[in-house]
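Before any comments, here is the structure.
In the working numbering, the protein residues as written are 118 to 418.
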């Protein structure tokens with residue numbers, strides 16, 4: 118069994134701010150990524166300019182914080198931040214040269230405790246939507262492999278895309294549960310690019326959509342039986358390196374319904390697969406006590 122836990126920081130103006138309240142090796146790998154209000158996917162990670170050297174230097178600055186201040190002695194994974202906020206507002210993808218500089222900067226300025234790179238884009242169908250090219254993913258993967266050979270480090274590449282980016286898409290109307298299952302099988306980028314990643318962990322979205330009373334586009338409820346069928350579809354149509362992310366937040370500690378929704382991730386896997394998948398990523402907000410609570414109150418979580 119191998120586990121990955123998401124750990125958050127953000128750039129607050131010109132200063133880095135730690136958001137997660139834990140720094141022990143609770144998981145096999147600590148995934149360091151930006152977050153907070155209005156964050157994730159690179160939106161609150163440093164972005165100076167668009168060039169290779171900017172990516173190289175921005176990565177090096179983050180690595181110094183991780184290794185010398187935040188996570189001393191811990192194995193970790195560093196994000197490759199996808200978006201940035203331009204002066205006019207909104208968000209834009211960082212250029213490919215920037216990402217290549219970021220990878221080289223992280224690998225060149227880190228110790229052997231850097232184990233993996235995390236592709237921080239959560240949208241599960243950006244290639245199909247024409248927002249991202251397969252060539253870009255292939256080039257990024259190739260650069261990681263070059264650094265792997267240069268530094269004799271077994272760097273990995275992981276992705277944690279969100280199924281909600283399909284299920285809540287305003288441009289996609291679902292007519293039935295079967296329509297949903299066919300979309301999961303055929304309308305994501307995962308089958309086409311999973312071979313560029315060592316591990317892909319799909320965020321099912323069951324917890325958050327039910328806690329927010331959201332229905333799938335078209336008005337279909339995200340029921341537990343549908344959750345089980347979605348997991349079966351993932352297993353049937355996705356490559357073998359695809360698993361799922363366990364999802365919860367601090368609400369589970371004060372709300373029984375929240376705890377029950379989060380615990381269903383264990384029940385649904387057992388019903389769909391006959392067991393809980395051994396390799397899994399965890400999102401549990403920023404507080405260590407949330408994952409401790411779930412592991413205490415939900416066997417197998």
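Using N, Cα and C, we set each Cβ at its ideal position, and we do this for glycine too.
N- and C-terminal bounds of the beta strand (DSSP E) containing residue i
i, result
"residue 323", "Segment 323–328 is the alpha helix (DSSP H) holding residue 323; no beta strand (DSSP E) there."
"residue 123", "119–129"
"residue 236", "231–236"
"residue 150", "146–151"
"residue 196", "193–197"
Limits of the alpha helix (DSSP H) - the one that residue i falls within
i, result
"residue 280", "Unbroken run through residue 280: none, as it is neither H nor E."
"residue 406", "405–414"
"residue 301", "294–303"
"residue 133", "Not the alpha helix (DSSP H): residue 133 falls in the beta strand (DSSP E), residues 132–135."
"residue 239", "Premise fails: residue 239 is in no alpha helix (DSSP H) and is neither H nor E."
"residue 345", "341–354"
"residue 266", "251–268"
"residue 143", "No alpha helix (DSSP H) contains residue 143, which DSSP labels as neither H nor E."
"residue 379", "373–390"
6 Å CB neighbourhood of residue i in its chain, flanking five on each side removed
i, result
"residue 119", "145 and 396"
"residue 260", "217 and 220"
"residue 276", "236, 314 and 317"
"residue 347", "301"
"residue 289", "334"
"residue 437", "Any answer about residue 437 is impossible in this case: the structure gives the chain only from 118 up to 418."
Which residues DSSP lists as bridging residue i, in chain order
i, result
"residue 320", "279"
"residue 399", "122 and 363"
"residue 273", "233"
"residue 181", "DSSP, once it has assigned bridges, lists no residue as partnering residue 181."
"residue 210", "200"
"residue 310", "None; residue 310 has no bridge partner."
"residue 337", "333"
8 Å Cβ cutoff, residue i in contact with chain C
i, result
"residue 400", "In the displayed structure, chain C is absent; only one protein chain is listed."
When the options are compared against residue i, the one with the closest alpha-carbon
i, options, result
"residue 269", "162, 229, 325 and 376", "229"
"residue 232", "308, 301, 407 and 315", "315"
"residue 264", "355, 221 and 357", "221"
"residue 319", "357, 135, 368 and 213", "357"
"residue 173", "271, 225, 393 and 401", "225"
"residue 168", "213, 254, 390 and 293", "213"
"residue 384", "418, 267 and 135", "418"
"residue 389", "412, 398, 341 and 377", "341"
"residue 392", "288, 155 and 381", "381"
"residue 326", "304, 299, 361 and 365", "365"
"residue 394", "323, 361, 131 and 351", "361"
Own chain residues within Cβ distance below 8 Å of residue i, not counting five before or after
i, result
"residue 178", "163"
"residue 143", "122, 405 and 408"
"residue 250", "244"
"residue 297", "284, 291, 333, 337, 343 and 347"
"residue 293", "337"
Cut-off 7 Å between Cβ atoms - residues of its own chain near residue i, not counting five sequence neighbours on either side
i, result
"residue 308", "354, 355 and 356"
"residue 254", "310 and 313"
Contact between the stretch 328–337 and the stretch 279–288 (3+ Cβ pairs under 8 Å): yes
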